[in-house]
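Everything on this sheet refers to the single structure shown next.
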Amino acid sequence: MTSLRKVGQQCTNFWIGGQCQKGSNCKWSDGTTFDYTNFRNGNSGTENCILADTKSGTWSTQPCDTKSCIACEIKGAMQNCQDWMKAGFTDSGKYTILVNGVETEVWCDMQTYGGGWVLFQNRLDDTESYWDRKWDEYKNGFGDIDENSNFWLGNEALYQLTNNQKATLRVEMYGDRTPNSKNATDFWFGHYFEFKVGPESQNYPLLNLEMDWAHPIGNASTAWYDLTCSIGSPFSTVDNIHDPVKECVTKFQMGGWWLKNCALSTLNGAYTPKDWNNGYGMFWIWDGSETILHPRKTRMLVRTTVE
1269 MTSLRKVGQQ
1279 CTNFWIGGQC
1289 QKGSNCKWSD
1299 GTTFDYTNFR
1309 NGNSGTENCI
1319 LADTKSGTWS
1329 TQPCDTKSCI
1339 ACEIKGAMQN
1349 CQDWMKAGFT
1359 DSGKYTILVN
1369 GVETEVWCDM
1379 QTYGGGWVLF
1389 QNRLDDTESY
1399 WDRKWDEYKN
1409 GFGDIDENSN
1419 FWLGNEALYQ
1429 LTNNQKATLR
1439 VEMYGDRTPN
1449 SKNATDFWFG
1459 HYFEFKVGPE
1469 SQNYPLLNLE
1479 MDWAHPIGNA
1489 STAWYDLTCS
1499 IGSPFSTVDN
1509 IHDPVKECVT
1519 KFQMGGWWLK
1529 NCALSTLNGA
1539 YTPKDWNNGY
1549 GMFWIWDGSE
1559 TILHPRKTRM
1569 LVRTTVE
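The sequence shown maps to residues 1269 to 1575 in this note's numbering.
Structure representation (structure tokens):
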């Protein structure tokens, strides 16, 4: 269905590769016959070739020399958004990819920094609580997969997407809600390479994350006080705390993150922190511990590393 939705952005009708003789004796282009018909009301069925309407899905017959779009089968399952880009799909939107053999709907960002990104964290506002979600919610994901919705794709999907291939993490932060902030409307982003999350049997740890400090991409990390400090940390939720300092989750409201003696960034923390000045809730340390950001909006994306 993803393919047909994408076709429908540019075409109102497309050939489906079927022909009928006066509305019956229908065959596909490979010669196999079929009985199913979905002709729209009023269709005469006097022509041979079948067109499908991209909005209603109903069929009509037209002369076979009529110029129109055609839907082609794409061989091989798409494993990520990069695969869709390579197949010629360049519009951002919902796509279906195969994650560990399971068809999974994801949001693909096809415009940002070369495109091909799977959006796995989208946090727009405080309408959805993140910090107090339970283990299974983070494992399987929550929220509607849409660029205009708050969601987390799921730790299992994130593990599968980073397990057997080199992956890049992109972090985006929009604005700073800290009272009297001088950065209220600024934008920060950063690219982290060799991004790897471990399996559930190890509590979905952040196994690896690398920053090219000599030539950093983005402005989110200007010193070592950043997400890289969580390398090796297991994932913690309110019902499955693996941080030796349990207050990091229960008191400081940092749940839904890679924690070990708390962390220097927790973008799934409580949207409104109990303390704006001490790294509680949803925050990111920027500029070498000099500034604590409380972003208004965040996005986290993963992409197979482009060599």
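Ideal placement from N, C-alpha and C gives every residue a C-beta, glycine not left out.
Since the model is a prediction, treat every value here as computed from it, not as a measurement.
In this structure, the straight-line span from the alpha carbon of G1443 to that of P1563 is close to 5 Å. In the structure shown, N1281 adopts extended strand secondary structure according to DSSP, grouped into three states. Rounded to the nearest angstrom, the Cβ distance from A1488 to W1554 is 7 Å, consistent with a contact under 8 Å. In terms of Cβ geometry, G1537 and W1526 do not form a close pair [threshold 9 Å].
In this structure R1567 touches N1390 by the C-beta definition: roughly 6 Å separates them, less than 8 Å. DSSP places Q1350 inside the alpha helix (DSSP H), whose first and last residues are 1349 to 1354. Contact check for L1429 against V1370 fails: the beta carbons are separated by 9 Å or more.
A direct Cα-to-Cα measurement between C1288 and W1375 gives close to 38 Å. Note on N1432: under 16 other CB atoms within 10 angstroms of its CB, so exposed under the neighbour-count rule. Residue pairing by DSSP places A1320 opposite F1282, W1327 in a beta bridge.
DSSP places G1382 within a helical segment (H, G or I) once states are collapsed to three. Across the set S1449, N1471, M1441, the C-alpha of M1441 shows the shortest separation from the C-alpha of L1535. Pairwise C-beta distances place the segment 1332 to 1339 out of contact with the segment 1297 to 1308, as fewer than three of them are shorter than 8 Å.
A Cβ-Cβ distance of about 4 Å is found for the pair Y1460 and L1437, placing them in contact under the 8 Å criterion.
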